[in-house]
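Following this line, the structure appears as structure tokens:
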């Protein structure tokens with residue numbers, strides 16, 4: 004069974020600080036997605052990473068896929084209150100998406 | 101346009117009711133999915149359709165019945181549900197079931213279901 008361990012589960016920081024969220028697995032994934040989800044809404048795709056070592060940037064968000072395609076990170080620079088939400092990583096497994104447990108991020112003004 | 105729409109947004113039903121959830125996408129995607137999400141948990145896969153054929157059923161109870169009338173529509177028929185079935189039901193679609201970018205799933209806003 005493929006598992007994705009996401010950490011931290013909860014993170015509360017002040018506006019302007021930097022943060023990193025990690026997703027780790029012992030399994031190789033053909034691709035990995037990061038989503039952001041607001042309460043009562045569906046996950047919204049932020050990025051897909053496919054190639055080992057790939058780095059993608061989305062404004063203040065930087066996503067990295069590990070060289071061996073077993074892990075990924077999301078780094079947010081100068082966090083803003085609008086970044087508050089649930090962040091989910093999801094690896095493309097053999098038959099289905101494997102989700103991490105999510106990181107609930109709160110940015111305090 | 102990467103929009104998946106779902107109706108209704110909210111649904112309250114009794115345990116003897118029959119209702120249906122609807123999902124639609126116009127991105128030309130050939131794979132569509134149903135997920136169930138409980139509070140504070142990640143989505144759990146229920147069903148996968150590929151080219152309008154059911155390809156995965158994750159051992160879902162028969163009180164949930166999926167249907168894919170055409171490549172743009174996905175329904176989930178509900179009958180004799182239990183209170184523990186209350187959850188957010190998410191639909192997703194992807195270009196195909198191939199690995200990589202083509203398999204990237206786009207989610208709808210969900211239907212919040214309450215079973216009384």
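Protein chains in written order, with this note's numbering: chain X, 4 to 112; chain H, 101 to 216. Glycine residues also receive a C-beta, built at the ideal position from the N, C-alpha and C atoms. Predicted model only: the values in this text are computed from it and were never measured.
Return yes when the Cβ of residue j is within less than 7 Å of the Cβ of residue i, no when it is not.
i, j, result
"residue 92 of chain X", "residue 76 of chain X", "no"
"residue 137 of chain H", "residue 193 of chain H", "no"
"residue 186 of chain H", "residue 160 of chain H", "no"
"residue 207 of chain H", "residue 85 of chain X", "no"
"residue 30 of chain X", "residue 51 of chain X", "no"
Could you tell me which residues DSSP pairs with residue i in its beta bridges?
i, result
"residue 187 of chain H", "H:213"
"residue 113 of chain H", "H:215"
"residue 92 of chain X", "X:37"
"residue 32 of chain X", "Per DSSP, none; premise fails for residue 32 of chain X."
In its own chain, which residues sit with a C-beta less than 6 Å from the C-beta of residue i, not counting the 5 before and 5 after it?
i, result
"residue 57 of chain X", "68"
"residue 188 of chain H", "137, 210, 212"
"residue 107 of chain X", "13, 89"
"residue 10 of chain X", "25"
In this structure, how does DSSP classify residue i when only helix, strand and coil are distinguished?
i, result
"residue 42 of chain X", "coil"
"residue 84 of chain X", "helix"
"residue 4 of chain X", "coil"
"residue 109 of chain X", "strand"
"residue 201 of chain H", "helix"
"residue 122 of chain H", "strand"
"residue 146 of chain H", "strand"
For residue i, which residues from the same chain have a beta carbon less than 7 Å from its beta carbon, with the 5 sequence-adjacent residues on both sides left out?
i, result
"residue 15 of chain X", "109, 111"
"residue 102 of chain X", "7, 91, 93"
"residue 63 of chain X", "79, 80, 81"
Can you find the residues in the same chain that come closer than 8 Å, C-beta to C-beta, to residue i, ignoring five residues on each side of it along the sequence?
i, result
"residue 175 of chain H", "120, 121, 122, 123, 166, 167, 168, 169"
Q: Report the residues of the region 32 to 55 of chain X with a CB closer than 8 Å to any CB of chain H, ordered along the chain.
A: So the close ones are 33, 34, 36, 38, 43, 44, 45, 46, 47, 48, 51, 53.
Q: Using a Cβ-Cβ cut-off of less than 7 Å, give me the residues of the region 60 to 83 of chain X that come near chain H, in sequence order.
A: Residues of the region 60 to 83 of chain X with a Cβ closer than 7 Å to any Cβ of chain H: none.
**Q.** Contacting positions in the region 191 to 207 of chain H - beta carbon closer than 7 Å to chain X
**A.** Answer set for the region 191 to 207 of chain H: 199, 200, 201, 203, 204, 205, 206, 207.
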